[in-house]
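Working notes, structure below.
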Amino acid sequence: MSEYERAARRERLDALRATGVDPYPARVAATEPVASVRARFDGASAEALDEAPERVAIAGRVMAQRSFGKLVFLQLLQDGARIQVSARKQEMDPEAFAFASRQLDVGDFVRVEGRVWRTKKDELTVDASRVEMLAKSLRPLPEKWHGLADVEARFRQRYLDLLVNERARATALARSRVVAAMRAFLDARGFVEVETPVLQPLYGGAAARPFTTHHNTYDQDLYLRISDELYLKRLVVGGLDRVYEIGHNFRNEGVSRKHNPEFTMMECYQAYADYADMMDLTEAMVVEIAERAVGARAIEYQGERLDLAPPAGWPRITMRDAIAEHCRGVDILAAKDLGALREAVRGAGLDPGDAPTWGVLVDELFSAHVEPRLVQPTFVTQHPVELSPLAKRSAEDPRVVERFEAFVAGVELGNAFSELNDPIDQRERFESMRAAHDAGDEEAHPVDEDFLLCLEHGMPPTGGLGVGVDRLVMFLTDAPNLREVLLFPHVRPQARGADADGDAASDAGDGADAGGER
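By my numbering, the letter at position 447 of the sequence shown is numbered 459, and the numbering carries on one by one without gaps.
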């Protein structure tokens with residue numbers, strides 16, 4: 013914005029105050045929503061409006077302004093609905109017309125009273141007899157025809173993006189519908205919504221680096237939670253058989269098209285259930301949310317048609333079989349240690365890289381060769397124990413656990429277990445993770461003695477599920493990346509001395525797969 017334009021708006025602000033007009037009044041007289049006015053009069057002809065004139069009072073932001081000397085047209089926006097306002101010199105008090113034609117800027121908020129009519133072009137219009145200032149804008153809005161062209165500016169100034177980008181607004185509203193539908197789905201099945209601590213004395217429930225903070229009164233280091241899991245399972249032990257939480261988790265990792273350090277997760281736990289029950293729950297939930305939020309069971313995502321409710325249900329494939337299929341026959345369970353798995357990978361003509369452990373190499377093979385090919389909704393089951401410290405071992409093969417990950421469009425959407433409720437096995441897994449941490453794995457799970465104490469009091473067989481809300485919204489709104497569905501995604505700090513309207517460096521980098529991880 014030029015200094016001249018900024019100065020001109022400030023002058024108009026000062027002129028209003030000089031004439032006794034408060035440019036930022038505390039109260040607004042009664043108004044009718046613009047959407048309601050349109051609903052009442054959109055079907056009325058010009059003749060009908062002239063024969064039975066009706067007056068309305070509306071309020072909104074001036075989004076466009078056209079002056080024809082004795083006639084001024086304004087376009088008002090209020091809560092997503094738009095309507096035209098006319099100000100005609102011969103029908104207004106001279107001071108009122110002077111105010112409407114000379115003192116208003118695009119971006120100002122006003123209240124308008126007047127008769128509803130139609131122009132020669134059949135545009136529904138409010139003919140103003142009175143215009144009041146509600147809030148003066150000292151900066152212009154982005155021009156409608158190109159909006160905020162700079163992607164970084166869109167995320168940094170999301171309020172402007174929402175004003176001029178209809179897709180951004182539609183995505184925000186769709187996100188709200190997704191969360192409401194998720195709550196309705198779980199509530200209808202007897203789940204109770206709860207809240208667990210965001211500040212935790214010990215982080216847990218996932219493999220991730222936490223953000224650390226400090227409590228001054230207690231002189232205690234605390235962590236922003238990376239997962240809700242261990243607290244929700246405490247509630248199951250306490251007799252709340254079906255619980256869920258929709259809340260923010262925080263992981264100190266990179267930013268990519270499917271990662272943000274702060275993200276929204278839904279986690280739910282059901283006593284007397286297992287991971288197979290959670291598969292049925294996941295499939296039914298995604299289908300119902302899609303129907304409620306976007307009105308369809310099949311969606312288009314980045315050029316791919318995704319059928320969320322195929323006749324035979326979502327395919328279910330073991331991790332062993334998935335890697336064998338896409339990695340030239342590599343059998344991860346036939347390779348009993350890291351050396352053997354590396355040899356098998358080399359023998360298949362693939363690069364094993366420098367993974368430090370057998371489990372990490374399995375994860376890398378799956379991420380590189382399998383995930384991108386899981387386009388249609390798919391459950392990948394029976395993950396190796398080493399990758400799943402909180403899941404119950406399979407009765408058929410103790411080397412794997414009763415766990416699945418749900419994938420859509422090559423991205424993990426959800427993660428679920430038959431929850432490990434054997435406190436002795438859980439302690440051994442924690443100790444193994446502690447050894448991995450001591451060996452340099454910063455994301456290894458810590459030993460949580462309080463949780464082990466809780467588990468020793470007895471937890472019933474339980475199925476648990478985590479779903480990445482941001483990613484679900486991304487799929488349902490055909491957004492190319494996660495930042496499009498976050499109202500305020502993380503962005504790099506702006507360069508020192510940069511103007512608020514200036515450009516900023518784009519974010520880059522990648523991080524651990526956190527969207528559906530628990």
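Ideal Cβ placement from N, Cα and C applies to all residues, glycine included. Computed from a predicted structure; not experimentally measured.
How is the alpha helix (DSSP H) around residue i delimited, first residue to last?
i, result
"A310", "It is not in any alpha helix (DSSP H) - A310 instead sits in the beta strand (DSSP E) that spans A310 to Y313."
"V372", "W370 to L377"
"Y171", "R170 to V176"
"I238", "No alpha helix (DSSP H) holds I238; DSSP gives it neither H nor E."
"L61", "A58 to E63"
"R130", "Not the alpha helix (DSSP H): R130 falls in the beta strand (DSSP E), residues F121 to R130."
"I335", "M331 to H338"
"R50", "V46 to F53"
Mapping the DSSP letters down to three states, classify residue i as helix, strand or coil.
i, result
"N493", "coil"
"L353", "helix"
"A524", "In this predicted model, A524 has a pLDDT of only 45, less than 50, meaning its place in the structure is not dependable; the value taken from the coordinates is given anyway. A524: coil per DSSP, three-state reduction."
"C466", "helix"
"Q438", "helix"
"H271", "strand"
"P154", "coil"
"Y284", "coil"
"S98", "strand"
"F111", "helix"
"S400", "coil"
"Y230", "coil"
"T31", "coil"
"G359", "helix"
"M471", "coil"
"L88", "strand"
"R22", "helix"
"H449", "helix"
"D292", "helix"
"D105", "coil"
"D199", "helix"
"E15", "helix"
"A165", "helix"
Compare the Cα-Cα distances from residue i to each of the options and report the closest residue.
i, options, result
"A140", "L83, H226, A283 and S14", "L83"
"F275", "E496, F53, R151 and P35", "E496"
"S188", "M486, R504, H502 and P505", "M486"
"S444", "G371, A69, A64 and V299", "G371"
"P222", "Q115, D233 and Q394", "D233"
"P473", "D490, D286 and A180", "D286"
"H260", "P106, D240 and R254", "D240"
"P410", "A418, M277 and L432", "L432"
"E417", "H338, D462 and T330", "T330"
"A302", "A334, V190, Q394 and G351", "V190"
"G361", "A165, H395 and L353", "L353"
"D253", "A200, C280, D450 and Q96", "C280"
"L318", "A110, D490, D453 and R340", "D490"
"M290", "I258, E205, G426 and R18", "G426"
"V49", "V74, M297, E23 and R94", "R94"
"M145", "M104, R504, G452 and G119", "G119"
"A456", "D462, A447 and F463", "A447"
"P401", "M194, P435, G202 and Q115", "P435"
"Y16", "A110, L150, E265 and Q96", "L150"
"R179", "S98, G92 and A147", "G92"
"S430", "G359, A407 and E440", "A407"
"Q77", "E300, R246 and F121", "F121"
So, at 8 Å on beta carbons, what are the nonlocal neighbours of residue i in its own chain, with the 5 sequence-adjacent residues on each side left out?
i, result
"D460", "L214, G216, L242 and F442"
"R332", "D343, I344, L345, Q394 and V412"
"G365", "L373 and E376"
"A310", "R317, L318, D319, L320 and A321"
Hey, could you find the ends of the beta strand (DSSP E) residue i is sitting in?
i, result
"G478", "T474 to G480"
"P396", "T390 to P396"
"V206", "Element bounds for V206: n/a, residue is neither H nor E."
"P137", "A quick correction: the sequence has Thr, not Pro, at residue 137. Per DSSP, T137 belongs to the beta strand (DSSP E) from L136 to A147."
"S430", "V423 to S430"
"N261", "R254 to F262"
"D366", "Careful: D366 lies outside any beta strand (DSSP E) and carries neither H nor E."
Could you name the residues of the same chain whose beta carbon sits closer than 7 Å to that of residue i, not counting the 5 residues immediately before and after it, in chain order?
i, result
"R130", "A58, L61, L136 and T137"
"V382", "A334, I335 and H338"
"V387", "E316, A421 and G422"
"R67", "E125, G126 and R127"
Within a Cβ cutoff of 6 Å, which residues of the same chain sit near residue i, ignoring the five residues on either side of it in sequence?
i, result
"P327", "T390"
"H227", "L234"
"A367", "L373 and E376"
With residue i and residue j assumed to form a contact (beta carbons below 8 Å), what rounded beta-carbon distance in angstroms separates them?
i, j, result
"V499", "R170", "The residue you asked about is not Val; residue 499 is Leu in the sequence shown. About 6 Å separates the two Cβ atoms, so the contact holds."
"R385", "A403", "Actually they do not touch by this definition, with Cβ atoms about 24 Å apart."
"R483", "V392", "Rounded, the Cβ-Cβ distance is 16 Å, inconsistent with contact."
"L88", "I70", "7 Å"
"K148", "L236", "That pair is no contact at about 39 Å."
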